[in-house]
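Novice: End of the sequence shown sits at 248 in the numbering used here; the numbers just go up one at a time, nothing left out. Here you go, one structure.
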Amino acid sequence: MAERLENEGKGLNLTVEVLDGILNHRGGCRAKTLEGDIVRFSDKVAYLNHDIDDAIRGNVLKLGQIPKEILDALGYTHKDRINTLVLDIIKNSRDQKIEMSAPMQEKMSRLREFMFQAVYQSDRAREQEEKARHVVTSLYQYFLKRPEKMPDEFLQTVQKEGAARGVCDYIAGMTDQYCIDLFCSLFIPQSWQIK
Numbered sequence: 054m055a056e057r058l059e060n061e062g063k064g065l066n067l068t069v070e071v072l073d074g075i076l077n078h079r080g081g082c083r084a085k086t087l088e089g090d091i092v093r094f095s096d097k098v099a100y101l102n103h104d105i106d107d108a109i110r111g112n113v114l115k116l117g118q119i120p121k122e123i124l125d126a127l128g129y130t131h132k133d134r135i136n137t138l139v140l141d142i143i144k145n146s147r148d149q150k151i152e153m154s155a156p157m158q159e160k161m162s163r164l165r166e167f168m169f170q171a172v173y174q175s176d177r178a179r180e181q182e183e184k185a186r187h188v189v190t191s192l193y194q195y196f197l198k199r200p201e202k203m204p205d206e207f208l209q210t211v212q213k214e215g216a217a218r219g220v221c222d223y224i225a226g227m228t229d230q231y232c233i234d235l236f237c238s239l240f241i242p243q244s245w246q247i248k
C-alpha cells in the first residue's frame, strides 16, 4: 500500500529494510533485517501497552485486574512497562540478533493472553465488533456503487485495479473516528436548523 498509494499513486521509495519491517512487523515470521526485527518488537511492545491504556480509559479494564506478577515484572505504568521491555531487548540483543529474554517473552505472552480474555474478546468488545462490521460493510457497499465519491488518489487505483481494490484501500486507510464520522455523514439524517 505504501508503495502504491503515497506520493500521488507513485508510492514511496522505500529501502529493503523498511519494507521488511512493514511486511514482518505483525506476522509469525522473523524479519530478514535488524531493522525489521526492531520494528517487529517495537510494534508488539507499543500496541500491547497502548491497548492497556485505551482499555483503562474506556472503562473496559482496571489496572488491578491485570495479574500482579505481570505488573511486578513489567511495571505499573505505561512508561515503566515500555522502559522495562526496551531495556530487556537491548540487554539481550547480540551478534546481529534482536532478542527479548525468555522470562520477558513469557510475561508478554501472559499479558497478551490476559488482554484477549479481558479486553479483545470480552462481551463488550464483541458488541462493538458487530457495530464496526456494519459501519465498514455499509461504507464498502456505498463506495463500490459510487467510486467517484472517493478522493482522486483512490480513483487511480479503481481505474488500474478495479473498484473493489480502490474501495478497500480507501477504507483501510481510515482512522476509526474518521470511519464513524463518514458513516454518520452518509447514513444518519441531519435535522434541519430552523430559526
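The C-beta atom is built at its ideal place from N, Cα and C for all residues, glycine as well. These numbers were taken from a predicted model, which means no experiment stands behind them.
(1) Would you kindly work out how many angstroms separate the C-alpha atoms of residue 160 and residue 96, rounded to a whole number?
(2) Among 179, 221, 121, 182, which residue has its Cα nearest to the Cα of residue 164?
(3) Look at the Cβ atom of residue 113, then the Cβ atom of residue 172, and state whether they are nearer than 8 Å.
(4) For residue 118, which residues from the same chain have a beta carbon less than 7 Å from its beta carbon, with the 5 sequence-adjacent residues on both sides left out?
(5) Which residues bound the alpha helix (DSSP H) around residue 116?
(6) Tell me the rounded alpha-carbon separation between residue 200 and residue 193.
(7) Give the single residue among 238, 124, 245, 116 whose Cα lies nearest to the Cα of residue 202.
(8) Using the Cα positions of residue 138 and residue 176, report the straight-line distance between them to the nearest angstrom.
(9) Starting from residue 202, trace the alpha helix (DSSP H) both ways and give me its first and last residue.
Specialist: Checking against the coordinates, here is how it stands:
(1) 16 Å
(2) 121
(3) yes
(4) 171
(5) No alpha helix (DSSP H) holds residue 116; DSSP gives it neither H nor E.
(6) 10 Å
(7) 238
(8) 30 Å
(9) Note, residue 202: premise wrong, no alpha helix (DSSP H); not H, not E.
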